[in-house]
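Chains as they are written, first to last, in the numbering used here: chain A, 2 to 221; chain B, 229 to 387.
Structure, rendered in C-alpha cells:
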C-alpha cells in the first residue's frame, strides 16, 4: 500500500477511465481479428487486452531487462489526434507471428535459430509492418468510434533494438505529462501459438488533452 | 565490486572499483563524471533537454537539473570539482524512417544541451558517443574511468 501522491498519468487513468481504454481495446481487438483473418486467410483469436498505466522504470522491464533486443514498429497518427502508436514484439513472438504469415503466404518456413531480427529479411519486415498497420489501424478505428475524432495512421517504420531505447519514443512523450505511460497488451492465438503484442498509444501533449476531453475526462 | 544500475531519469554516485551502468539508452543521454584521484564516479540518465516550463517532478528527467544534481552529489561524496572529467553517450534517433517530429528528434537536442552544459561548467568532455539510430547500454568502471558502450548490431567499445 503506497501513500505516495499519484503520478499525473495515473491520476488521469483511474479505474473508470482505464475501463474506457479497455473497451477501446476490446473493439480494436475485434476489428483487428477480422482484418488479420482476411490477411492471413485463417482465424486468429485476439484476447481481451490488458490495459494498464505503468511507470517508466517498470515499463522498460516488461520484456526482460531494458537492454533486451525487441522489435518495435512505429506508426504516426494524423488528423484530430497527432502523435504515434508503437507496437512492440519480443523476438520469439515476432518469430511466431511471422511463421503464421509465412505459412499463409505459402513461403518457406524459417528455423528459429536462423531468425535474426537484427538482420531481418525484407519480406519479414514488410509482413510485420503490414500486420502492425492492421492492428494499429484497428485500435485507431476503435478510438474514432468512441470519440468521434477522425484519426489516420501513417506509414509504419521498424526498429530492432534494446527495449529501453525503443521505449524512449514513448516515455519522452509521456514525460511532458508525468512518469507513467498507458500500455495495452494483446494476445493472439492461432490454436498452436500464443503470441503477445504490446501496444502504446502516444498522443502529443495537445492531442492527449483533446483525447481525454473527448472521452469525458479533462486533465483537471 | 558492485554493479549499480542507474534507471531512466535517475543518477547515482559510486566509489572504488564499482561499476555504474544504465541500460537501453535511446534518445536519452547518459552522462558520466569521474574523479580519478578520489576514485569517485557518477552517472546520470536524463530524457529531455530542459526543465524550463515544468513544475512537478523528477529533476533527473532533464539535462540541466540532472547534471546539476549529479554534480552536487558527487562533490558532496568527496570528488573535487576541478578533477572531474565527463563522457556522454546516447541521444539517438530511434525511428529514423519515421520523419523528424519533435519527439523523434529529442535525442539530438539532448546531446547538444549536455555538451553546452558541460562546456559552461568547464568540465572536460573526454568522450562523446551520441547520435545515430541505435540504442546503447553503458558501463562506467570507477576503477579506471573507462566507459564501455554496448549496442545491438554496432558492436561494443570502450571510450
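Just so you know, even glycine gets a beta-carbon here, dropped at the ideal spot from N, CA and C.
If you draw a straight line from the C-alpha of residue 85 (chain A) to the C-alpha of residue 97 (chain A), how long is it? 25 Å
Can residue 94 (chain A) and residue 196 (chain A) be called in contact, C-beta distance under 9 Å? yes
Within 10 angstroms of the Cβ of residue 350 (chain B), are there 16 or more other Cβ atoms? Answer buried if so, exposed if not. exposed
Span of the beta strand (DSSP E) holding residue 354 (chain B)? Per DSSP, residue 354 (chain B) belongs to the beta strand (DSSP E) from 353-358.
Indicate the three-state DSSP secondary structure (helix, strand or coil) for residue 158 (chain A) in the structure shown. strand
Using 8 Å as the cut-off, can you tell me whether the region 366-373 of chain B makes contact with the region 243-257 of chain B, which would need three or more C-beta pairs spanning the two stretches below that distance? yes
Taking 9 Å as the threshold (C-beta atoms), are residue 144 (chain A) and residue 63 (chain A) in contact? no
Decide if residue 245 (chain B) is buried, meaning its Cβ has at least 16 other Cβ atoms within 10 Å, or exposed. exposed
Are there 16 or more other CB atoms within 10 angstroms of the CB of residue 149 (chain A), so buried, or fewer, so exposed? exposed
Counting only the same chain and skipping the five closest in sequence on each side, list residues whose C-beta sits under 6 Å from that of residue 52 (chain A). 19, 22, 23, 26 and 185
Could you confirm whether any beta carbon from chain B is found closer than 9 Å to the beta carbon of residue 177 (chain A)? Answer yes: the Cβ-Cβ gap between residue 177 (chain A) and chain B drops below 9 Å somewhere.
Contact set for residue 57 (chain A): own chain, Cβ-Cβ below 6 Å, skip 5 residues either direction: 172 and 180
Please report whether the beta-carbon of residue 378 (chain B) lies at a distance below 9 Å from any beta-carbon of chain A. The C-beta of residue 378 (chain B) comes closer than 9 Å to at least one C-beta of chain A.
Per-residue DSSP class, three states only, for residue 279 (chain B): coil
For my contact list, residue 71 (chain A) and residue 91 (chain A) are in at a C-beta cut-off of 8 Å; report their separation, rounded to the angstrom. 6 Å
Anyone know if the C-beta pair for residue 281 (chain B) and residue 321 (chain B) falls short of 9 Å? no
State the Cα-Cα distance for the pair residue 304 (chain B) and residue 297 (chain B), rounded to the nearest angstrom. 10 Å
Expressed to the nearest angstrom, what Euclidean distance is found between the alpha-carbon atoms of residue 139 (chain A) and residue 348 (chain B)? 49 Å
Against chain B, which members of the region 175-207 of chain A pass a CB distance test of less than 9 Å? 176, 177, 179, 180, 203 and 205
What does the Cβ neighbour count give for residue 109 (chain A), buried or exposed, with the cut at 16 atoms within 10 Å? exposed
contact_flag[the region 257-265 of chain B, the region 307-325 of chain B] where n(CB pairs < 8 Å) is 3 or more: yes
For a test of the three-state rule: what should DSSP assign to residue 153 (chain A), helix, strand or coil? strand
Does any residue of chain A have a CB that is nearer than 9 Å to the CB of residue 320 (chain B)? yes
Burial state of residue 240 (chain B) (16 or more Cβ within 10 Å): Buried is the call here.
Report yes if the CB atom of residue 202 (chain A) is closer than 9 Å to the CB atom of residue 136 (chain A), and no otherwise. One thing to note: residue 202 (chain A) has its Cβ no nearer than 9 Å to the Cβ of residue 136 (chain A).
C-alpha gap between residue 275 (chain B) and residue 67 (chain A), whole angstroms: 15 Å
For residue 285 (chain B), decide whether its Cβ has a neighbour in chain A, counting only Cβ atoms nearer than 9 Å. yes
So residue 182 (chain A) packs on residue 75 (chain A), CB below 8 Å; how close in whole Å? That pair is no contact at about 14 Å.
With H, G and I counted as helix, E and B as strand and the rest as coil, what does DSSP make of residue 4 (chain A)? Unreliable positioning characterises residue 4 (chain A) in this predicted model, as indicated by a pLDDT of 47, which lies under 50. A coordinate reading is not provided.
Could you check the C-alpha separation between residue 47 (chain A) and residue 187 (chain A) for me, to the nearest Å? Cα to Cα, the separation comes out at about 7 Å.
Can you find the residues in the same chain that come closer than 6 Å, C-beta to C-beta, to residue 133 (chain A), ignoring five residues on each side of it along the sequence? 74, 88 and 157
May I ask you to report which of helix, strand or coil DSSP gives residue 48 (chain A)? strand
Of all the options B:380, B:361 and B:355, which has the alpha carbon lying nearest to the alpha carbon of residue 386 (chain B)? B:355
Can you tell me which of A:212, A:43 and A:10 puts its alpha carbon nearest to the alpha carbon of residue 105 (chain A)? A:43
Exposure label - residue 381 (chain B); buried when at least 16 CB within 10 Å: exposed
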